[in-house]
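Q: Here's a structure for you.
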Amino acid sequence: MLLLTLILTSAKLEGLTSHQVVSGISPVISDASPLEYLPQYLDLSENDTSMEDTNAEYRTGFRSGHGDRFECKPCICSHSYHQYILANCSSRRLRDVPDSLPPELWLLNMTDNGMQLFNPESVLRYKNLNTLIISYNRKITHISNETFSNLTSGLVILNLTKNSISTIDDGSFHFFANLQQLDLGENSLTNVTAGMFLGLRSLRYLNLTKNSIVFIENSTFDEMQHLKLLDLSLNKHLSYTLRKFPPRLFEKLFRLQSLYIQGNTMGDHSYPNSALQKLTSLKILSSDALLNCTFGPQLQSLKHLQELYLGTNFGFCRLRNLSRSCHITRLQLLDFSRNSITWITESTRDDLDALAAITDFELDLTFNPLPCTCSGIEFIKWLATTKVKLIDQVNLRCRLKDGGSTSVGDLTEMLLFLQRSCISKSWILSVSILSAVFMAVVLGLVLMYRYRWKLRYLRNVAIAKFIGFEPKKPHQGLFKYDAFLVYDSDDMQFVLNECVQELEVRRGIKLCIGDRDFMPGTYVASDIVSAVQNSYRTVLLVTPEFYDDDYVEYAVNMAINEEIHTSRQVLYLCLYQPVALAEMPRDLVAILKRNEFIEYPPEEEITPGLIENFWDQLTAAVRQTE
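Residues -18 to -1, 1 to 608, numbered by mature numbering (1 follows the signal peptide of the UniProt record, and there is no 0), are exactly what the sequence shown covers, in order.
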């Protein structure tokens, strides 16, 4: 089985710390409020709109300043555009939740108050409370079961970020049956157990980023079967070992769409292979990558994966057979920004091109030391010509031959610069000569094709002159024939019987008929040119099968060239059978437009008078005058 292999060098980008590199890989999650970024990453189509409303209310009430504000000491309250009551009690040195707020309170912000404990009795009176924000209270270190045991079960969003929480008693969130967002980011948690999250069966979002986690119990997430986003990133003591990422860790997370585990201490394990195999609904994965780590069969179960972020401050990334082996045909984004990538193998480039052919695929290689040297021309050429969409090309970095670094700029211009700098003068001269010859040949072939009928006409005229035939000039008297009939082989009997009888026998018209007058064994192409030049008119007997005959198109084009070179009207159409105008070649349409045609009467309308009139008109059109 083919593998997707990443081989990363141990080189580091100058000026980038590990924290800067890792945090730059994934979307900015850790530093954002969950009220801000959650809808961006989760598909809430299966949910009610309460979480989306919460985000709107939060932005509207506290950020944008909309709504009618009113005083609710010691806080500031406002009505949102949905008429929810929002209370902003942040930065007021409150030790507990005020008891004087409106009973219909919907959102409560207790940020940055220096709280040490939280008394649940202080919020029991707020039966409509949907969102509770208790962040930036650095003295809160512990959450006990008693603390939250009586909290209303209607709470949907609980934000406990940027505190100092290190321990959570089992069952502390037991009565939060409706809780959908729990944000514990930027605390001091070390051990994560299943008991901490008992009863959170409705949870959709869980943020544990920027803690000090060293251990996660195997059954921690078993009750969270509706979880869609899990952030375990930036826990510097959490490695990808089987002990810290047990095989059954994510086994029950059937609906998980986004998983962020980047920025952790990796040790000898570069990727939690066994832990992620059950995540069949995963769409976004942000992970670390390590020297000589291997991806491949482990990704086969992630068939719905759309975005893959592999971020670290290690380098040289080598991909192999991503789309063919792993069957990730829905992958839309591969992010390798802020690594030390200097090369991607040809087989990998082919796979990325194949992936771009079936999906709108994007690749992020920003802030990598791409090889802008003679040995790297092949790679730069691929970047300049690939159908893969390169994200943020303005931040593509380039390592020069002397070790310096610069912006790649326009990839096409960089490619041309490298080609001019690396190719010797003799090679340039050889390539220039070959290119000139090639262009001359191509131009010659194009011109020959463009004027192919004119060239054939001149060739046959020359052949006819060589064998002694001199075409008649208009001032030299009558032509040998009144009309040269061009027809499909299926209409031969009509020509040899009716046309000969009506035109030659009864009306004295001299006809040139190929099947009768061309000498056997002669060059047919020259015979056609001679017939056109020796005839006053070339009459095309048009039917739907007219162009099926091999020499019909040839005869038509020879007659057209005769008109061009002699300035006389040669062609005349006889519409023997109806032909749709849309199906008729434009050369014949041009003849119709100049009114040089006659129609044979339809079979259902034929009368002796109509037939006689048809032959009389055709005779008048082709008969020569003195």
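Ideal Cβ placement from N, Cα and C applies to all residues, glycine included.
Tell me the rounded alpha-carbon separation between residue 312 and residue 332.
A: Computed Cα separation, rounded: 17 Å.
Q: Ends of the alpha helix (DSSP H) at residue 507?
A: Taken as a continuous stretch (DSSP letters only), the alpha helix (DSSP H) holding residue 507 covers 506 to 515.
Q: Which of the three DSSP states is assigned to residue 38 in this structure?
A: With a pLDDT of only 46 at residue 38, under the threshold of 50, the placement of this residue in the model should not be trusted; the figure read from the coordinates follows. Residue 38: helix per DSSP, three-state reduction.
Q: According to DSSP, what are the bridge partners of residue 57?
A: Answer is 54, bridged to residue 57.
Q: Go through the region 492 to 573 residue by residue and report every complete run of the alpha helix (DSSP H) that reaches 4 residues or more, in order.
A: Fully enclosed alpha helix (DSSP H) runs of 4 or longer: 496 to 499, 506 to 515 and 534 to 548.
Q: Helix, strand or coil, according to DSSP, for residue 168 in the structure here?
A: Here residue 168 sits in coil by DSSP.
Q: How many Å lie between residue 568 and residue 577 at the Cα?
A: The alpha-carbon atoms of residue 568 and residue 577 are separated by roughly 14 Å.
Q: Would you say residue 518 and residue 598 are within 7 Å of each other, going by their C-beta atoms?
A: No, they are not a contact pair.
Q: Among all the DSSP beta bridges, which residues are the ones paired with residue 196?
A: DSSP, once it has assigned bridges, lists no residue as partnering residue 196.
Q: Between residue 473 and the rest of its own chain, which residues show a CB-CB distance below 8 Å, the 5 nearest in sequence each way excluded?
A: Correct list, in chain order: 523, 525 and 558.
Q: When DSSP builds the beta bridges, which residues end up paired with residue 69?
A: According to DSSP, which records beta bridges pairwise, residue 69 is partnered with 59 and 90.
Q: Residue 617 lies in the alpha helix (DSSP H); which residues open and close that run?
A: Missing from the structure shown is residue 617; the chain here goes from -18 to 608 and no further.
Q: Where do the ends of the alpha helix (DSSP H) carrying residue 240 lie?
A: That residue, residue 240, is in no alpha helix (DSSP H); its beta strand (DSSP E) goes 240 to 242.
Q: Are the CB atoms of residue 114 and residue 90 nearer to each other than 7 Å?
A: Going by C-beta atoms, residue 114 is nearer than 7 Å to residue 90.
Q: Taking 6 Å as the cut-off, is the C-beta of residue 386 nearer than that to any heavy atom in the ligand HEM?
A: Questions concerning the ligand HEM fall outside what the structure shown contains, since it holds no ligand whatsoever.
Q: Residue 192 and residue 220 look like a contact to me (Cβ under 8 Å); what is the Cβ gap, rounded to whole Å?
A: Not confirmed; about 11 Å, so no contact.
Q: Just to confirm the assignment, what range does the alpha helix (DSSP H) spanning residue 402 have?
A: Start and end: 393 to 404.
Q: Based on Cα-Cα distance, which residue from 121, 88, 229 and 543 lies nearest to residue 96?
A: Among 121, 88, 229 and 543, the Cα nearest to that of residue 96 belongs to 121.
Q: Quick check on DSSP: helix, strand or coil for residue 179?
A: If DSSP states are grouped into helix, strand and coil, residue 179 belongs with the helices.
Q: Taking the alpha-carbon of residue 202 as reference, which of 78, 208, 83 and 176 has the nearest alpha-carbon?
A: For residue 202, the nearest C-alpha among the options comes from 176.
Q: DSSP on residue 575, reduced to helix/strand/coil?
A: Helix, per DSSP.
Q: Taking the C-alpha atoms as reference points, what is the distance between residue 317 and residue 324?
A: Those two C-alpha atoms are separated by around 15 Å.
Q: Taking 7 Å as the cut-off, decide whether the C-beta atoms of residue 144 and residue 118 are in contact.
A: Against a cut-off of 7 Å, the Cβ pair of residue 118 and residue 144 comes out as a contact.
Q: Please tell me whether residue 563 and residue 579 are closer than 7 Å, where the distance is taken between their beta carbons.
A: Result no, Cβ atoms of residue 563 and residue 579 do not sit closer than 7 Å.
Q: Compare the beta carbon distance of residue 139 and residue 163 with 7 Å and say whether it is the shorter of the two.
A: Contact: yes.
Q: So for residue 330, helix, strand or coil by DSSP?
A: Residue 330 falls in the helix class under three-state DSSP.
Q: Pull up the distance between the alpha-carbon of residue 319 and that of residue 82, whole angstroms please.
A: Each residue's alpha carbon lies about 51 Å from the other.
Q: On the criterion of 16 or more Cβ atoms from any shown chain inside 10 Å, does residue 326 qualify as buried, or is it exposed?
A: Buried, because 16 or more other Cβ atoms sit within 10 Å of the Cβ of residue 326.
Q: Write down the C-beta distance between residue 648 and residue 401 rounded to the nearest angstrom, noting that I regard them as a contact closer than 8 Å.
A: Limits of the chain in this structure are -18 at one end and 608 at the other, which puts residue 648 out of reach.
Q: Can you have a look at residue 206 and say buried or exposed, based on whether 16 or more other CB atoms are within 10 angstroms of its CB?
A: The residue is buried, with at least 16 neighbouring Cβ atoms inside 10 Å.
Q: If you count every other CB in all the chains shown that lies within 10 Å of the CB of residue 468, and 16 or more means buried, which is it?
A: Counting Cβ neighbours within 10 Å, residue 468 comes out buried, since at least 16 surround it.
Q: Give me whichever residues DSSP pairs with residue 339 in a beta bridge.
A: Per DSSP, none; premise fails for residue 339.
Q: Nearest CA to the CA of residue 110: which residue from 123, 92 and 66?
A: The residue with the shortest Cα to Cα distance from residue 110 is 66.
Q: What does a CB cutoff of less than 8 Å around residue 209 pick up in its chain, not counting 5 residues either side in sequence?
A: Around residue 209: 185, 186, 187, 188, 203, 235, 237 and 238.
Q: What's the call for residue 551, buried or exposed, on a 16-neighbour Cβ count within 10 Å?
A: Under this definition residue 551 is an exposed residue.
Q: By how many angstroms is the C-alpha of residue 570 removed from the C-alpha of residue 537?
A: Rounded to the nearest angstrom, the two C-alpha atoms are 13 Å apart.
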